[in-house]
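Structure record follows, encoded as structure tokens.
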Amino acid sequence: MVLRATFAAAASVPWSLLAGGLLGVVLLWAAGWLLDRLWWQPRRLERALRAQGLCGTSYRFLTGDLKDFARMNQEAWSRPLPLRCHDIVPRVAPFFCNNIREHGKTNMSWFGPIPKVTIVDPDLAKDVLSNKFGHFEKLKFRALFKLITDGLLNQDGEKWAKHRRILNPGFHLEKLNRMLPAFTACCEELVSRWADSLGSDGSCELDVWPELQNLSGDQAERVMKSFQKIVIPGYMLLPTENNRKMHRNNKEIKTILRDIIGKRIQAMREGESTKDDLLGLLLESSMRETGTSGQSGMAMTIEDVIEECKLFYFAGMETTSVLLTWTIVVLGMHPEWQDRAREEVLSLFGKNKPDLEGFSRLKTLPVLMIHHCPDIWGSDVHEFKPDRFSEGISKASKDPGAFLPFGWGPRICIGQNFALLEAKIALCMILQRYEFELAASYTHAP
Ligand code: HEM
């Protein structure tokens, strides 16, 4: 007994020393890694960028420009714009406006320890987006964005290429044509609901934004809240209230989707035709992909399909509802354009349901996301002037390729036809039934 105890005591000393030493080495390595990522690497990158002639803000430890970014947003967002003002960039992106003023059109700033180069030249932007030089990767905050989606938008390399190949056919015009009845049914439901709200004078005041938005708002808002803190390593693992709620939301959304997908696959196995909606097309394309690759089982796993569904839910609904809301706001500001758009819709479709063939003949219903650089668009860039697009997008600006609302290159928005079709149907059906104007209580704060 005594001997054994002595042996144990003697042996425990080197083991605890070894463990302590090992812990010390690991801590030292982690501290060195952190210091390099948060200080030396940004400093090296800053020197390299300045050596290339770039001007911009200097790196500040960990947060970079995030504090200024948040402060300027808060200041700008607290002041609404004068009614009918289309010079929205200083309000929407005050930090970038300020940087361009102070450091020139091509400049650098700091998203935490990550340097950011701002480019206003559309040709340069297209070079980057088409990955002409072959070494641009998407900036990813996987842990955060996974809570919204780990789909196409978040992928790179082979997995991205495979998913893009499977998804592409689902967005061809003839497939979208099959979705037309679903689109029109949703819009019909919306315009009929509004009819129920009309007062005895045939009018009512309505907050359009929540009408066109959907449930995705809550999760997207929470993710934006975390965005400024994501530069802190391991932040997403902290049990903050916002983080816990995002994880709960994510779990709930996944459970609902897994259930829907499971039922649909079961129905397809039992011979039911794929419904003409996005999920049906997604499963159909992915099964067809299996056929060509010759592998058994689906080319996309159920988890992959869930992540793509989440992406379409967030990337699709938020963007299109913003486009529609803004369109209604500007057409409310400019009744002459609203009249022109309604006349066009009525002359093409009367009171009938809009169809795909008619959409190609719409000229006035323009995409209204106007880019804001006077050097490219002319001194009237801040005027609402949809007829600048009357001879086509390429003739609307001095640079024929300057209109990039859906991005460019291989990562160009896969849903652009989908979004425009959805927005045009909704707008046509709203214009067929209603006239609208800004409410007296409207504050212009895009
Ligand atoms: C007004 C509506 C929309 C706008 C302005 C818009 C804009 C964009 C932009 C600029 C990109 C490129 C992002 C980048 O380069 O990192 C993008 C990508 C994407 N969009 Fe859209 N989008 C809209 C609607 C939609 C809709 C309705 C869907 C789906 C139903 C969708 C799905 C996607 C997907 C999956 C990607 C990623 C493509 C890839 O990485 O290969 N978008 N979108």
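The numbering of the sequence shown is this note's numbering, which starts it at 107 and goes up by one. C-beta: ideal position from N, C-alpha, C; glycine also.
Reduced DSSP secondary structure (H/G/I, E/B, other) of I520:
Position 414 of the sequence shown, counting from 1, holds the residue named residue 520. Coil, per DSSP.
Endpoints, the beta strand (DSSP E) within which S215 is located:
As a working note, residue 215 is residue 109 in the sequence shown. Unbroken beta strand (DSSP E) run through S215: N213 to F217.
In the DSSP assignment, what are the bridge partners of C161?
Looking up residue 161 in the sequence shown gives position 55. N213.
Using 8 Å as the cut-off, can you tell me whether the region 123-135 makes contact with the region 173-182, which would need three or more C-beta pairs spanning the two stretches below that distance?
no
Using 10 angstroms around the beta-carbon of F239, count the other beta-carbons present and answer buried if the total reaches 16, otherwise exposed.
Against the sequence shown, residue 239 aligns to sequence position 133. Exposed: under 16 other Cβ atoms inside 10 Å.
Please look up how many angstroms separate the CB atoms of F420 and I254, rounded, as I've assumed it's under 8 Å.
Start at 1 with the first residue of the sequence shown, and residue 420 comes out as number 314. Start at 1 with the first residue of the sequence shown, and residue 254 comes out as number 148. Confirmed, about 5 Å.
Could you give the residue range of the beta strand (DSSP E) that holds K222?
The count along the sequence shown starts at 1 and reaches residue 222 at position 116. It spans I220 to T224 - the beta strand (DSSP E) in which K222 sits, taken as one unbroken run.
heavy atom of the ligand HEM below 7 Å from Q522 C-beta
The sequence position of residue 522 within the sequence shown is 416, counting from 1. For the ligand HEM, at least one heavy atom lies less than 7 Å from the Cβ of Q522.
Under the three-state DSSP convention, the category G170 falls into:
Locating residue 170 in the sequence shown gives position 64, counting from the first residue. The answer is strand: DSSP assigns G170 an E or B state.
Would you mind sorting A502 into buried or exposed? The rule is 16 or more other CB atoms within 10 Å of its CB.
Counting from 1 along the sequence shown, the entry for residue 502 is found at position 396. That one is buried.
Output yes or no for whether 8 Å exceeds the beta carbon distance between N213 and G162.
Within the sequence shown, numbered from 1, the residue matching residue 213 stands at position 107. Within the sequence shown, numbered from 1, the residue matching residue 162 stands at position 56. In this structure, G162 lies closer than 8 Å to N213 by Cβ.
Tell me the residue span of the alpha helix (DSSP H) that contains A421.
For the purposes of this step, residue 421 is identified with residue 315 of the sequence shown, where counting begins at 1. Note, A421: premise wrong, no alpha helix (DSSP H); not H, not E.
Mapping the DSSP letters down to three states, classify F542 as helix, strand or coil.
Here residue 542 refers to the residue found at position 436 of the sequence shown. In the structure shown, F542 sits in coil (DSSP, three-state: anything other than H, G, I, E or B).
Determine the contact status of K244 and D256, defining contact as a CB-CB distance below 8 Å.
By one-based count along the sequence shown, residue 244 stands at place 138. By one-based count along the sequence shown, residue 256 stands at place 150. Going by C-beta atoms, K244 is not nearer than 8 Å to D256.
Tell me which residues share the same chain as K222 and place their Cβ nearer than 6 Å to its Cβ, disregarding the 5 neighbours each side in the sequence.
As a first step, residue 222 is located in the sequence shown; it is residue number 116 there, counting from the start. Around K222: S215.
Using 8 Å as the threshold, is the C-beta distance between Y165 and R149 below it?
Translated into the one-based positions of the sequence shown, residue 165 becomes position 59. Translated into the one-based positions of the sequence shown, residue 149 becomes position 43. Yes, Cβ-Cβ distance for Y165 and R149 is below 8 Å.
Hey, does D486 have any beta-carbon neighbour from chain B nearer than 8 Å?
The chain labelled as chain B is not found in the depicted structure, where only one protein chain is given.
In whole angstroms, give me the CA-to-CA distance for M352 and I362.
Translated into the one-based positions of the sequence shown, residue 352 becomes position 246. Translated into the one-based positions of the sequence shown, residue 362 becomes position 256. Roughly 15 Å separates the two Cα atoms.
For the ligand HEM, is there a heavy atom less than 7 Å away from the beta-carbon of F251?
Taking the sequence shown and counting its residues from 1, one reaches residue 251 at position 145. No, the ligand HEM has no heavy atom inside 7 Å of this Cβ.
Output the boundary residues of the alpha helix (DSSP H) element that contains C310.
For this step, residue 310 is matched to residue 204 along the sequence shown. No alpha helix (DSSP H) contains C310, which DSSP labels as neither H nor E.
Let me know if A551 comes out buried or exposed under the rule of 16 or more other beta-carbons within 10 Å of its beta-carbon.
Here residue 551 refers to the residue found at position 445 of the sequence shown. Label assigned to A551: exposed.
Figure out for me which residue from W483, F251 and N260 has the closest Cα to the Cα of R517.
Position 411 of the sequence shown holds residue 517. Here the closest residue by C-alpha is N260.
So, is C310 buried or exposed, given that buried needs 16 or more other C-beta atoms within 10 angstroms?
Here residue 310 corresponds to residue number 204 of the sequence shown, with the count starting at 1. It is exposed - the Cβ of C310 has fewer than 16 other Cβ atoms within 10 Å.
Pick from G515, C479 and H478 that is closest to V553, judged by C-alpha positions
With the chain running from 107 to 552 in the structure shown, residue 553 is simply not present.
Assigned exposure category for N205 - 16 Cβ within 10 Å defines buried:
On the sequence shown, position 99 is the one that residue 205 refers to. Label assigned to N205: buried.
Closest to D229 by C-alpha separation, out of L155, G507, R467 and L537, would be which residue?
What you label residue 229 is simply residue 123 of the sequence shown in a count that begins at 1. Selected option, being the one with the closest Cα: G507.
Looking at C-beta atoms only, is the number of pairs between the region 437-446 and the region 405-422 that lie closer than 8 Å three or more?
no
Let me know the secondary structure DSSP gives Q261 once reduced to three states.
In the sequence shown, residue 261 corresponds to position 155, counting from 1. Looking at Q261 - three-state DSSP - the assignment turns out to be coil, as it is neither helix nor strand.
Identify which residue in L140, L160 and R190 has its Cα closest to the Cα of L168.
Translated into positions along the sequence shown, residue 168 becomes position 62. For the residues L140, L160 and R190, the minimum Cα distance to L168 belongs to L140.
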